[in-house]
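Just so we're aligned, residue 2 is where the sequence shown starts under the working numbering, counting upward by one. Notes follow the structure.
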Amino acid sequence: MMTKSEKQIMDLLWGVDEPLSCTEIIQMSGDKTWKDSYVHSLIKSLMKKDLVEVVSFELVSRSYARKFVPKLSKESYCIREYLNENPDNSFIKLFTAYLDQCDSADEVKAFEDAIGQWKTNHS
């Protein structure tokens with residue numbers, strides 16, 4: 002489970018298609034008044050939770066800055082958390098309930114395609 006601040010950092014990382022340094026995270030955090038040391042602590046915590054990884058280093062002035070990316074998509078994280086909180090395989094119940102309320106044939110077709118792709122990849 003992430004803290005509110007960790008989630009805000011993850012939302013930033015999920016929202017861009019490139020690795021970010023701590024300095025870039027601070028710059029993109031908008032109205033937040035996060036200090037560099039606080040962001041480093043949050044990143045360290047996210048790395049311990051296996052949510053963020055270092056993918057590169059960038060030379061800034063005379064030192065190197067680490068660049069971070071999420072280790073999994075936002076959707077994968079949500080599913081992982083749901084399954085951790087509901088270990089009785091209730092995701093199938095959730096999925097079935099969603100389908101009962103779904104009124105879009107396109108969404109159902111997308112699910113069918115995803116299941117077909119999974120079967121192809123795992124056979």
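Ideal Cβ positions, reconstructed from N, Cα and C, are used throughout, including at glycine.
DSSP lists V53 as the bridge partner or partners of P71.
When P20, S22 and I44 are compared, the shortest CA-CA separation from S6 is found for I44.
Contact annotation: R67 and S30 have beta-carbon atoms that are not nearer than 8 Å. With contact defined as three or more Cβ pairs closer than 8 Å, the stretch 9 to 27 and the stretch 54 to 65 are in contact. Contact check for M11 against L60 fails: the beta carbons are separated by 8 Å or more.
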